[in-house]
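Protein chains: 2
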Amino acid sequence: MADTSGKPDNGSLPAPDGEPDPLAILPGYTLRRAANAMMAELGTLLSEVDLRVSEASILLLIDGRDTMTSSQIGTALDIRSANMAPLIGRLVTRGLVERVPLDGKSMAIILTVEGEATLHEVRRITQTFEQDLLQRIPTEHRDHFVPALNALWR
Amino acid sequence: MADTSGKPDNGSLPAPDGEPDPLAILPGYTLRRAANAMMAELGTLLSEVDLRVSEASILLLIDGRDTMTSSQIGTALDIRSANMAPLIGRLVTRGLVERVPLDGKSMAIILTVEGEATLHEVRRITQTFEQDLLQRIPTEHRDHFVPALNALWR
DNA sequence: TATTGTTATACTCTATAACTATA
DNA sequence: TATAGTTATAGAGTATAACAATA
Numbered sequence: 001m002a003d004t005s006g007k008p009d010n011g012s013l014p015a016p017d018g019e020p021d022p023l024a025i026l027p028g029y030t031l032r033r034a035a036n037a038m039m040a041e042l043g044t045l046l047s048e049v050d051l052r053v054s055e056a057s058i059l060l061l062i063d064g065r066d067t068m069t070s071s072q073i074g075t076a077l078d079i080r081s082a083n084m085a086p087l088i089g090r091l092v093t094r095g096l097v098e099r100v101p102l103d104g105k106s107m108a109i110i111l112t113v114e115g116e117a118t119l120h121e122v123r124r125i126t127q128t129f130e131q132d133l134l135q136r137i138p139t140e141h142r143d144h145f146v147p148a149l150n151a152l153w154r
Numbered sequence: 001m002a003d004t005s006g007k008p009d010n011g012s013l014p015a016p017d018g019e020p021d022p023l024a025i026l027p028g029y030t031l032r033r034a035a036n037a038m039m040a041e042l043g044t045l046l047s048e049v050d051l052r053v054s055e056a057s058i059l060l061l062i063d064g065r066d067t068m069t070s071s072q073i074g075t076a077l078d079i080r081s082a083n084m085a086p087l088i089g090r091l092v093t094r095g096l097v098e099r100v101p102l103d104g105k106s107m108a109i110i111l112t113v114e115g116e117a118t119l120h121e122v123r124r125i126t127q128t129f130e131q132d133l134l135q136r137i138p139t140e141h142r143d144h145f146v147p148a149l150n151a152l153w154r
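As given, the protein sequences belong to chains U and H, one line each in that order. Position one of the first sequence corresponds to residue 1 (full-length UniProt numbering), numbered consecutively onward. Position one of the second sequence corresponds to residue 1 (full-length UniProt numbering), numbered consecutively onward.
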């Protein structure tokens, strides 16, 4: 008998006493908490240029590409086409991107001059953010971070 | 001069050609993508017991604790009290937890017998999920995963 | 005065369905 | 027929403000 404590078996989670958050040993839970914390932080940083994380991602993605369609962007970023429409629409309204017809059906989403200027600010913000994020990870774990995460979705 | 390609400097991101997703080298971006993918998967698994991830987290958290209040749960899981009310309300309606007055102001959220039975199913689902998640991470990165993530929010 | 808990509300993200137009 | 794009809509998650009741 391994358990002589008299407490009920709660599935190998730490005992209630002395551990404020027994879920913190679960990989999926820690993944969710870390992502939520980091994206909230990035969202705050990006509010400086009045962009959401998804919008900034689009700007970063289409830079240097002049034939990328809305559906291609959606595929790359895992955003449904129905959700791409209002997303691109807002960027167009703000003058950051424009729709350029490729043929009668497809339209390339390209940066405007103003969009490129905003993207420059986005790069400044995200590069600082990404560096700070990595700095917070202890050195012995740092190089394992991106490879481990990429194994979960790529 | 490091760049003789004639392409514009796009902030050290990979060149457009040959890389379908140049954002995949960014720690924050990979963190978001991995978390979204894993939580979507967990959500699908938990639909078997008609629970959302946040609801399952509450059941896992309060097990073995009989004096945990709504605000304490919210603090532990980073859920605002205004959002705890409808969350707990749904669990009460479904008969999985009940509110037990601690004093005139505070109420403990405790599992009902039915809630414990459901929690047993939740444990089966989440343990399988967590194991599968870890299995997908290459062995050399696996032990670094939770420590790295916990450094970002704990 | 601070804390617990609630209601109302709104914004974002995400998802499906239905539709138009073009390849 | 399949693809590109749009609109409408709904379900979650999350945020603030305002409020009542109690410590």
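Yeah, the Cβ is synthetic: ideal placement off N, Cα and C, and Gly gets one too.
In the three-state DSSP reduction, H/M84 falls in the helix class (H, G or I). Inside the segment 43-90 of chain H, DSSP marks whole alpha helix (DSSP H) runs of 4 or more residues at positions 53-62 and 70-77, from first to last along the chain. Bridge partners of H/E98 according to DSSP: H/I110. Distance check between H/L134 and each of H/G89, H/M38, H/L119 and H/T30 places H/M38 closest, using alpha-carbon atoms only. Counting of Cβ neighbours within 10 angstroms places H/V97 among the buried residues, the total reaching 16 or more. Just so you know, the alpha carbons of U/R52 and H/V49 end up roughly 34 Å apart. When Cβ-Cβ separations below 9 Å define contact, U/G28 makes contact with chain H.
Taking 9 Å as the cut-off, the Cβ atoms of H/L91 and U/L61 do not count as close. At least one C-beta of chain U is nearer than 9 Å to the C-beta of H/N150.
For H/D21, the chain U residues whose C-beta falls within less than 9 Å of its own C-beta are L61, A76, L77 and R154, listed in chain order. If you check the CB distance, H/R33 and U/L149 come in under 9 Å. The beta carbon of U/M107 lies closer than 8 Å to those of T69, S70, R99, V100 and P101 in the same chain, with the five residues before and after it left out. In this structure, H/G28 lies near U/E130, with their beta-carbon atoms less than 9 Å apart. When secondary structure is reduced to three states using DSSP, U/D132 falls in the helix class. DSSP, reduced to helix, strand and coil, places H/L152 outside both helices and strands of the structure shown, so it counts as coil. For H/L26, the secondary structure class from DSSP, reduced to helix, strand or coil, is coil. At a C-beta separation below 7 Å, U/M38 has these neighbours in chain H: G28, L31 and L152. Listed along chain H are P27, each with a C-beta nearer than 7 Å to that of U/L134. Non-local beta-carbon contacts of H/G43 in its own chain, meaning distances under 8 Å to residues more than five positions away in sequence, involve R52 and V53 in chain order. Rounded to the nearest whole angstrom, the CA to CA distance from U/D103 to U/D78 is 24 Å.
Nearest neighbour of H/I137 by Cα position, chosen from U/I125, U/A76, U/L46 and U/A151, turns out to be U/A151.
Assignment of H/P147 by DSSP, reduced to helix, strand and coil, places it in the helix class. Between U/L111 and U/Q72, the alpha-carbon positions lie close to 15 Å from each other.
Residue-level contact check: H/L42 touches chain U, since one or more beta carbons of chain U fall below 9 Å from its beta carbon. Straight-line measurement puts the Cα of H/L46 at about 15 Å from the Cα of H/R94. The CB of U/E48 never comes closer than 7 Å to any CB in chain H; the least such distance is about 16 Å.
In this structure, U/A76 lies near H/D21, with their beta-carbon atoms less than 9 Å apart.
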